[in-house]
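One structure is given here, and the rest of the page talks about it.
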Amino acid sequence: MSWDIERTPGSRVHRIDDGRVVVPLRLSRSGQHATDTELLLSLTDAEHLHAALCRALDGHPAPPSAPDCRDEGEAEPVHVHRTDEETW
């Protein structure tokens, strides 16, 4: 038995009223859809994940279908102060 986790088709990552970021996810077991759920991230955790993904993708060209990264001024600035070497 294996589990797969992917973005929920047709759903977008968004913020909720308390400022957290919601990542819709689809869980499948052995190739069969099991459930849809959401990963809730604080802004700090979302920034850490964003940085980790940037590092993992560094040096690889983006495919033509990839969306642009966020625009300056589109979101309010978030200042993250790291106190340890926490990584994703």
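Residue numbers (our numbering): 67 to 154. Ideal Cβ placement from N, Cα and C applies to all residues, glycine included. None of the values given here were measured: they were computed from a predicted structure.
Less than 7 Å separating the Cβ of residue i from some heavy atom of the ligand FAD?
| i | result |
| --- | --- |
| Cys120 | With respect to small molecules bound, the structure shown includes none, and the ligand FAD cannot be examined in it. |
Between the C-alpha atoms of residue i and residue j, what's the straight-line distance to the nearest angstrom?
| i | j | result |
| --- | --- | --- |
| Ala132 | Val89 | 17 Å |
| Pro75 | Thr103 | 12 Å |
Considering residue i, what are the terminal residues of the alpha helix (DSSP H) in which it resides?
| i | result |
| --- | --- |
| His114 | Leu109 to Leu123 |
Taking the beta strand (DSSP E) that residue i belongs to, which residues open and close that run?
| i | result |
| --- | --- |
| Asp70 | Trp69 to Arg73 |
| Ser94 | Val87 to Arg95 |
Are the Cβ atoms of residue i and residue j separated by less than 8 Å?
| i | j | result |
| --- | --- | --- |
| Leu91 | Arg73 | yes |
| Ser68 | Ser96 | yes |
>> Using a Cβ distance threshold of 8 Å, determine whether the region 75-86 contacts the region 101-120, with at least three qualifying pairs required.
In response: yes
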